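Enquirer:
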Amino acid sequence: MTTALEVKNINKKYKNKVVLNDINFSIQSGEIVALIGKNGAGKSTLINIITKLIQQDSGQSKIFEKEKFDRNLIGVMMQENISLDRITVKEIIKLTRTYYRNPMSYQAILALSELQNYTNHPMDKLSGGQKRKLQFALTLAGNPDLIFLDEPTVGMDAESRTKFWERIDELKKQGKTFLITSHYLEELEKVANRFIFLHNQRIIFDSSLAEMGKQLKKVQVTFNSELIKDIFNKLPAVLRVSELNYHYTLITSDVNSLITQLVPYLSAIDNLEIRQQNLDTLMDSLIRNEE
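Numbering-wise (our numbering), the sequence shown opens with residue 31 and increments by one.
And the structure:
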């Protein structure tokens with residue numbers, strides 16, 4: 031399988047503040063990889079470095095194993111929308127296609143971005159969601175093999191977001207590769223096959239959601255004894271205990287060991303339930319473990 035993106039030892043500082051600290055990973059052709067992390071983790075900065083919009087302090091990245099950067103291989107959908115006065119959707123798409131040696135067909139771009147009914151609309155008259163669709167259309171103009179999406183569905187309504195991810199799945203089936211950032215974590219759970227988690231300017235997790243979930247599970251128990259709470263806090267398999275109205279959540283990396291350790295206290299437990307964490311709670315758990 032071809033390596034679509036390889037990132038080696040990338041570091042970046044702004045003045046004396048570390049923004050990225052020794053970033054290393056690779057993405058294989060056909061993957062959909064989510065780059066996740068809290069605000070300020072360095073996600074957008076990393077994409078800007080990879081796409082040569084800004085310069086790293088050290089390290090390197092390669093796209094499809096090429097020593098020389100080739101913009102024809104990539105498409106970049108940034109957070110900011112481009113908006114020009116008196117230029118229509120049709121005009122800007124056709125103009126952008128001319129910048130590439132092997133552009134995607136105009137009709138294919140319209141179909142994937144669902145802008146067929148807006149071709150004669152001026153860019154600056156589009157709604158927020160329509161502007162995001164146009165930004166996606168311009169990202170596809172060069173028929174890129176590696177596509178970067180930075181908060182792609184911000185401003186779209188729920189139906190448009192659903193259709194957008196359906197188009198991403200279509201493009202994946204065509205062999206396209208994606209690196210995506212989004213605050214809509216529930217969307218990423220459905221489309222990404224791998225997650226790279228940036229925290230404190232470095233990667234603290236790089237794996238599938240299933241593998242991430244294996245590391246940290248929730249065991250929810252209900253009881254009414256402060257004494258039992260103190261005991262649970264001291265169990266070797268418990269990483270953290272949280273409480274809401276006598277409903278206690280025990281975070282563990284080893285469910286089997288935790289259940290064994292709970293056996294002596296079953297008479298004091300009113301209810302016990304094991305749950306897989308979602309992406310949001312997994313991120314929170316990983317951050318707490320780092321701290």
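We put the beta carbon where it would ideally sit given N, CA and C, even for glycine. Keep in mind the model is a prediction, meaning the values are calculated, not measured.
#1: In this structure, how does DSSP classify Pro152 when only helix, strand and coil are distinguished?
#2: Taking all protein chains shown into account, decide if Val293 is buried (16 or more other Cβ within 10 angstroms of its Cβ) or exposed.
#3: Taking the straight line between their C-alpha atoms, what separation do you get for Leu50 and Ile80?
#4: Use the C-beta contact count for Asn173: other C-beta atoms within 10 angstroms, 16 or more gives buried, fewer gives exposed.
#5: When you compare each of Val119, Gly158 and Lys155 to Ile139 by their alpha carbons, which one comes out closest?
#6: So within the region 52–95, which uninterrupted beta strand (DSSP E) runs reach at least 3 residues, ignoring any that extend past its ends?
#7: Excluding the five sequence neighbours on either side, which residues of its own chain have a C-beta within less than 7 Å of the C-beta of Val106, listed in chain order?
#8: Residue ranges of each beta strand (DSSP E) run of no fewer than 3 residues wholly in the region 140–199, ordered along the chain?
#9: Between the region 226–245 and the region 45–60, do at least 3 Cβ pairs fall closer than 8 Å?
#10: Under a three-way DSSP split, which group does Phe225 fall into?
#11: Could you have a look at Lys259 and say whether DSSP puts it in helix, strand or coil?
#12: Among the residues of its own chain, which have a CB less than 6 Å from the CB of Phe127, if the five just before and after it don't count?
#13: Which same chain residues, not among the five before or five after Ser88, have their C-beta less than 7 Å away from its C-beta?
#14: For the region 221–228 against the region 57–76, are there 3 or more C-beta pairs whose distance is under 8 Å?
Expert: So, from the listed chains and residues:
#1: strand
#2: exposed
#3: 12 Å
#4: buried
#5: Val119
#6: 62–66 and 88–93
#7: Thr81, Thr169 and Phe178
#8: 176–180
#9: yes
#10: strand
#11: helix
#12: Per the sequence shown, residue 127 should be read as Arg rather than Phe. Excluding residues within five positions, the ones whose Cβ falls inside 6 Å are Pro133 and Ala171.
#13: Asn39 and Asn41
#14: yes
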